[in-house]
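Worksheet for the structure shown next.
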Amino acid sequence: MKFVTMIPMLVAASACAIQPTPYSPPDIAISGALLAQAAGPEGVVDIAHPLSAYDLASIAILSNPDLKVVRAQEGLAGAQLFAAGLLPDPTLGLGADFPINGVNTVIALTSSLGLDLAALSTRPARVDAAKANAASVRQDVLWTEWLTRQNAKLLATRISWLEGIKLKTTSYRQIADQDLDRAIAAAARGDIAAIEVDARRLAAADASDRDRSAENQLAAARLDLNRLLGIAPDEIIRLQAPSATEAGMPAAESLFKTALDARADLQGLREGLAAANAGRAVADASRFPLPGISLNAGRDTGNLRTLGPAVSFTLPVWNRARGDQAVAQTNLQVLEAQYQARAETVRADIGAALTAVSIARRQRADVVQDLAGISDQAARAEIAARRGDVSETSAAATRLTALDKEILADSLALAAAESAIALETAIGRPMEIFE
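By my numbering, the letter at position 87 of the sequence shown is numbered 436, and the numbering carries on one by one without gaps.
Next up, the structure:
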């Protein structure tokens, strides 16, 4: 009999002695992934041809390492929902009392089988809270996917324009260096004063700085894009040539209304508010002293057998779940403030992006208008220089002015494109829906 009563204790002790399963962290490849691997199954994106910004956005959704982390968190929310829906396990109690004196005695045995009604009564509210939390996490995943898509689109657009700007800064630098070489040779012959050489030397140094700056910006954008796609830093991506767009912009109020409905982060905050409200319901339900019930069976030392129910509950005297209620209520108020603050930030972002797009487009239009005459003048000066009608120095000065305007026009086109993408990001939907 003593051996029988020791069985439950031996089982509990063996459970504590279970060793964890051996684990090894994931292997990390020494060399980075290729673009073909990041592009996913064949046919999703054709990487044999120059890629558009939309192609790279699709690849980023598939391969971005940070997105994989967020999707794993979505699985965690699903596991929490599963856990919230499980019924509470019943409790089983066993006991034995061994008499140490007396005659004609037997071992006293006790047993009980119980169920926690309080945990059972709050299950619907906990399930609702877990569902709302899972929906909130899902919206967070969608929002992160949207931001990743837009970031890939932004970097692709930036690289496309910077590649053209880099070609022009290189030409600008070459022309400035050639003009400096001619000035040094002319000064050596005594044809020009030394101060004119200094002016051209400063111009050549400025051209070199602009070329290096464009090279650094282009390299940084390419590295950022490769990091976003999860591919090797030295992987080269061919991109389509950019084009400046002048599509009209809707009113700020219309864009803000669309953002309130379309942005996944705002939807996620609304789901979070629903989860917080469900959490408040759980705290409210904890005020009531729902009992734990059990069925007890026993045998005393006189071999008298008993069977009967038992009820136990917490007396709501001091606590009464007031702390849980205060925390749940305050948490809901904090989330409401965060939701309102996020909405105002969205309003400000939309207004800032609209202003930036308008300014960049207007300034670019002015530069393009000025550039038309300067480009024609530079072309005529180059032809005249080849005929010997004007000096090469004069033709170079005109060409440098034209290149400077072309670089400025491309920079403003890039600024307008980036602002348009920022506006699209703030809205949460492609701008094509307004066309």
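All C-beta atoms, glycine included, are put in the ideal place defined by N, C-alpha and C.
Note that this is a predicted model, so its numbers are computed, not measured.
With DSSP run on the structure shown, which of helix, strand or coil describes ASP547?
-> Indexing the sequence shown from 1 puts residue 547 at position 198. Helix, per DSSP.
Could you tell me which uninterrupted alpha helix (DSSP H) segments, each at least 4 residues in length, are contained entirely in the region 556-641, listed from first to last along the chain?
-> 601-611, 613-634
CB ASP560 to CB THR518, shorter than 8 angstroms?
-> Numbered from its first residue, the sequence shown carries residue 560 at position 211. Numbered from its first residue, the sequence shown carries residue 518 at position 169. Their beta carbons are under 8 angstroms apart, which means ASP560 touches THR518 by this criterion.
What do you reckon, are the CB atoms on ALA601 and ILE699 nearer than 8 angstroms?
-> As a position in the sequence shown, residue 601 is number 252, starting the count at 1. As a position in the sequence shown, residue 699 is number 350, starting the count at 1. Closer than 8 angstroms, so yes.
Could you give the residue range of the alpha helix (DSSP H) that holds ASP465?
-> Within the sequence shown, numbered from 1, the residue matching residue 465 stands at position 116. No alpha helix (DSSP H) holds ASP465; the beta strand (DSSP E) holding it covers 457-465.
Could you have a look at LEU416 and say whether DSSP puts it in helix, strand or coil?
-> As a first step, residue 416 is located in the sequence shown; it is residue number 67 there, counting from the start. Three-state result, LEU416: helix.
Keeping to the same chain, check which residues put their C-beta closer than 6 angstroms to that of ASP489; ignore five residues upstream and five downstream.
-> For this step, residue 489 is matched to residue 140 along the sequence shown. These residues qualify, in order along the chain: GLY617.
Label LYS502 either buried or exposed according to how many other C-beta atoms from any shown protein chain fall within 10 Å of its C-beta, with 16 as the threshold for buried.
-> Position 153 of the sequence shown, counted from the first residue, corresponds to residue 502. Flag for LYS502 reads buried.
LEU775 to LEU604 span [Cα, whole Å] = The residue labelled residue 775 in the question sits at position 426 within the sequence shown. The residue labelled residue 604 in the question sits at position 255 within the sequence shown. Residue identity check: residue 775 is Ala in the sequence provided, not Leu. Distance between ALA775 and LEU604, taken at the CA atoms: about 9 angstroms.
Would you grab the beta carbon distance between ASP528 and ALA745 for me? Rounded to a whole angstrom, and I think it's under 8 angstroms.
-> In the sequence shown, residue 528 corresponds to position 179, counting from 1. In the sequence shown, residue 745 corresponds to position 396, counting from 1. Indeed, because the Cβ distance is near 5 angstroms, the residues count as touching under 8 angstroms.
For ILE586, count neighbouring C-beta atoms within 10 Å of its own C-beta (all shown protein chains included) and say buried if the count is 16 or more, exposed if not.
-> Taking the sequence shown and counting its residues from 1, the one referred to as residue 586 is at position 237. It is buried - the Cβ of ILE586 has at least 16 other Cβ atoms within 10 Å.
Beta-carbon contacts of ASN652 that lie in its chain and below 7 angstroms, excluding the five residues immediately before and after = In the sequence shown, counting from the first residue as 1, residue 652 sits at position 303. If we look at ASN652 and ignore the five residues flanking it on each side, its Cβ neighbours are VAL455.
Have a look at the DSSP bridge pairing and note the partners of ALA445.
-> Position 96 of the sequence shown, counted from the first residue, corresponds to residue 445. Answer is LEU458.
Ends of the alpha helix (DSSP H) at THR679?
-> By 1-based counting over the sequence shown, the position of residue 679 is 330. From DSSP, the alpha helix (DSSP H) with THR679 extends over 671-736.
Using 8 angstroms as the Cβ pair cut-off and three pairs as the minimum, do the region 469-476 and the region 397-414 touch?
-> Counting Cβ pairs under 8 angstroms, fewer than three are found: no touch.
What's the C-alpha gap between ALA457 and ASP649?
-> Your numbering for residue 457 matches position 108 in the sequence shown. Your numbering for residue 649 matches position 300 in the sequence shown. Distance between the alpha carbons of ALA457 and ASP649 is about 4 angstroms.
Rounded C-beta distance between ILE408 and LEU578? I'm assuming under 8 angstroms.
-> The sequence position of residue 408 within the sequence shown is 59, counting from 1. The sequence position of residue 578 within the sequence shown is 229, counting from 1. Sure, about 6 angstroms apart at Cβ, within 8 angstroms.
VAL353: buried (16+ other C-beta within 10 angstroms of its C-beta) or exposed?
-> Residue mapping note: residue 353 aligns to position 4 of the sequence shown, counting from 1. Here VAL353 scores only 48 on pLDDT, less than 50, and its place in the model is too uncertain to base an answer on.
What is the DSSP secondary structure of GLY647, counted as helix, strand or coil?
-> Here residue 647 refers to the residue found at position 298 when the sequence shown is read from its first residue. Strand at GLY647.
CA-CA distance, ALA701 and ALA478?
-> By one-based count along the sequence shown, residue 701 stands at place 352. By one-based count along the sequence shown, residue 478 stands at place 129. Those two C-alpha atoms are separated by around 37 angstroms.
Tell me, to the nearest whole angstrom, how far the beta carbon of SER768 is from that of VAL676; I am working on the premise that it is less than 8 angstroms.
-> Here residue 768 is taken as the residue at index 419 of the sequence shown, counted from 1. Here residue 676 is taken as the residue at index 327 of the sequence shown, counted from 1. So it is not a contact: roughly 43 angstroms between Cβ atoms.
Can you find at least 3 beta carbon pairs, one from the region 605-612 and one from the region 479-486, that sit closer than 8 angstroms?
-> no
Near SER740, which residues of its chain fall below 8 angstroms by C-beta distance, leaving aside the five closest residues on each side in sequence?
-> Here residue 740 corresponds to residue number 391 of the sequence shown, with the count starting at 1. Excluding five sequence positions before and after SER740, the CB atoms of its chain that fall closer than 8 angstroms to its own CB belong to ALA734, given in chain order.
Same chain, Cβ closer than 8 angstroms to ALA385, neighbours up to 5 away in sequence not counted | The residue given as residue 385 occupies position 36 in the sequence shown. Hits under 8 angstroms: ILE396.
What are the start and end residues of the alpha helix (DSSP H) that includes PRO658?
-> Residue numbering aside, residue 658 sits at position 309 when the sequence shown is read from its first letter. Premise fails: PRO658 lies in the beta strand (DSSP E), 654-661, not in any alpha helix (DSSP H).
Please name the residue in GLU773, THR440, TYR403 whose C-alpha comes closest to that of ALA611.
-> Reading the sequence shown from its first residue, position 262 is the one you call residue 611. Sorting GLU773, THR440, TYR403 by C-alpha distance to the C-alpha of ALA611 places GLU773 at the top.
Just reading off the alpha helix (DSSP H) that SER520 is part of, what are its end residues?
-> Counting from 1 along the sequence shown, the entry for residue 520 is found at position 171. From DSSP, the alpha helix (DSSP H) with SER520 extends over 472-538.
At which residues does the alpha helix (DSSP H) containing ARG748 begin and terminate?
-> For the purposes of this step, residue 748 is taken as the residue at position 399 of the sequence shown. It spans 741-776 - the alpha helix (DSSP H) in which ARG748 sits, taken as one unbroken run.
8 angstroms CB neighbourhood of GLN499 in its chain, flanking five on each side removed | Position 150 of the sequence shown, counting from 1, holds the residue named residue 499. Cβ neighbours of GLN499 beyond the five flanking positions: ALA406, ILE770, GLU773, THR774.
Candidates LEU443, LYS754, ALA634, TYR688: closest to GLY647 by CA position | Here residue 647 corresponds to residue number 298 of the sequence shown, with the count starting at 1. Selection LEU443, LYS754, ALA634, TYR688 evaluated against GLY647 yields LEU443 as nearest (Cα-Cα).
Mark TRP667 as exposed unless 16 or more other C-beta atoms lie within 10 angstroms of its C-beta, in which case mark it buried.
-> In the sequence shown, the residue the question calls residue 667 occupies position 318. With fewer than 16 neighbouring CB atoms inside 10 Å of its own CB, TRP667 falls in the exposed class.
How would you call GLY722, buried or exposed, if buried means at least 16 neighbouring beta carbons within 10 angstroms?
-> By one-based count along the sequence shown, residue 722 stands at place 373. Per the 10 Å Cβ criterion, exposed.
In three-state terms, what does DSSP make of LEU664?
-> Looking up residue 664 in the sequence shown gives position 315. Reduced to three states, the DSSP call for LEU664 is coil.
Return helix, strand or coil for LEU425, following the three-state DSSP convention.
-> Position 76 of the sequence shown, counting from 1, holds the residue named residue 425. DSSP places LEU425 in the helix class (H, G or I) of the three-state scheme.
Could you say which of GLU564, ALA505, GLN712, ASP759 lies nearest to ASP573 if we only look at CA atoms?
-> Sequence index remark: in the sequence shown, residue 573 carries index 224 (1-based). Nearest C-alpha to ASP573: ALA505.
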